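In mature numbering (1 follows the signal peptide of the UniProt record, and there is no 0), the protein residues as written are -21 to -1, 1 to 309. Each residue gets a CB set at the ideal place from its N, CA and C atoms; glycine is no exception. Just so you know, these numbers come straight off a predicted model, no measurement behind them. Here the structure is laid out as structure tokens; the discussion comes afterwards.
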């Protein structure tokens, strides 16, 4: 009778508690890691992606106990580029690109490292592991890189090793409720993977109009004016600025043409890089373009100087204009 009682107690423990060390074994992978689509380094919009945590569990001998329910809490830490699970980052040298990993598609619940529900917790995975064979499950990892970070172009990465993937698992007979608290499930595992993003260079450009003062006589003096070109290129991106010959039929940077509205008459003018009007600004790469510029990730204001040289005669009165294309090469 005593032997029967002991046997029943052992069966009860195997049924409803955590099984022995040889009961179940689980492996974990994140196939391909987590790769974000390439984004402009000064993009204002966030970029999203997904990854997959793959879990495979099987029973181990010497005793096989029939189908087992296995609970898994796959905690994720900060990664090599992060500070905490709620402050993750990818590194490129000394530059740090902020991103986050979530458990939900809306990207509101951080996939956390456990023990602190206010930071975020991982999903609780439950597998029914058969006596023979294995059971598998996949959990989607939702990623987001925040926009408007203005960082240098290049490849950014964060590595996750065993210290950042302290997965715990074990057999259960009751609902454990979730992974908000670090569970003593008996077994542990990990997965190694990386998170990657490429920031591509980019530029945008705008300008103010260059307006010459009104005059009734072009034969007396030169007439000067100034405008500003606004360029925004990603940090450390080299670029040059070219000014086209305009729509008025100009032949070189110092001999552009403003055409009278409603007529065919023109006024010659030039655009220059310097206030002394000695260095014409054109569109021939390596010759008269503005070279050697470097982006900062912010708007950069570049002056452009215009000059109408005094002429032997004054054309008919009217409004004279020209449209000049601004090109950024980077």
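Reduced DSSP secondary structure (H/G/I, E/B, other) of residue i
i           : result
residue -19 : Unreliable placement is indicated for residue -19, whose pLDDT of 31 sits below 50; no coordinate value is reported for it.
residue 207 : strand
residue 270 : strand
residue 143 : helix
residue 66  : strand
residue 3   : strand
residue 241 : coil
residue 264 : coil
residue 285 : strand
residue 108 : strand
residue 77  : strand
residue 128 : coil
residue 290 : coil
residue 92  : coil
residue 192 : coil
residue 185 : strand
Contact set for residue i: own chain, Cβ-Cβ below 7 angstroms, skip 5 residues either direction
i           : result
residue 280 : 207 and 209
residue 190 : 204
residue 6   : 35 and 168
residue 302 : 225 and 226
residue 248 : 235, 237, 285, 286 and 287
residue 84  : 121
DSSP bridge partner residues for residue i (one or two, in chain order)
i           : result
residue 116 : 34
residue 218 : 272
residue 301 : None; residue 301 has no bridge partner.
residue 368 : Residue coverage of the chain in this structure runs from -21 to 309, which leaves residue 368 outside it and unanswerable.
residue 52  : 147
residue 86  : In the DSSP output, where bridge partners are listed per residue, residue 86 has none listed.
residue 135 : 176
residue 10  : Looking at the DSSP assignment, residue 10 forms no beta bridge with any residue, so it has no partner.
residue 28  : 122
residue 236 : 247
residue 166 : 148
residue 279 : 210
residue 47  : 108
Residue i classed as buried or exposed, judged by whether at least 16 other C-beta atoms fall within 10 angstroms
i           : result
residue 10  : exposed
residue 238 : buried
residue 307 : buried
residue 167 : exposed
residue 272 : buried
residue 38  : buried
residue 143 : buried
residue 255 : exposed
residue 292 : exposed
residue -1  : Only weak support is given to the placement of residue -1: the predicted model assigns it a pLDDT of 41, under 50, and the value that follows is read from those uncertain coordinates. Under this definition residue -1 is an exposed residue.
residue 258 : exposed
residue 213 : buried
residue 199 : exposed
residue 156 : exposed
residue 82  : buried
residue 267 : buried
Residue i CB to nearest heavy atom of the ligand ADP below 7 angstroms
i           : result
residue 282 : Of the ligands one can find in the structure shown there are none, so the ligand ADP has no counterpart to examine.
Same chain, Cβ closer than 6 angstroms to residue i, neighbours up to 5 away in sequence not counted
i           : result
residue 54  : 92, 93, 101 and 145
residue 116 : 34, 104 and 106
residue 175 : 14 and 136
residue 60  : 68, 69, 70 and 137
residue 172 : 9, 12 and 139
residue 45  : 110
residue 217 : 273
residue 170 : 7, 8, 9 and 144
Selected residue, minimal CA-CA separation from residue i, among the options
i           : options               : result
residue 251 : 265, 235 and 244      : 235
residue 264 : 298, 309, 129 and 241 : 309
residue 201 : 295, 73, 289 and 61   : 289
residue 222 : 180, 243, 244 and 269 : 269
residue 278 : 186, 120, 226 and 123 : 186
residue 90  : 32, 111, 224 and 69   : 32
residue 260 : 183, 120, 245 and 231 : 231
residue 50  : 79, 152, 132 and 111  : 152
residue 226 : 304, 219 and 74       : 304
residue 228 : 62, 300, 267 and 88   : 300
residue 27  : 4, 77 and 63          : 77
Cβ neighbours of residue i in the same chain (closer than 8 angstroms, five flanking residues each side left out)
i           : result
residue 23  : 126 and 127
residue 197 : 246, 287, 289, 290, 292, 293 and 294
residue 298 : 239 and 240
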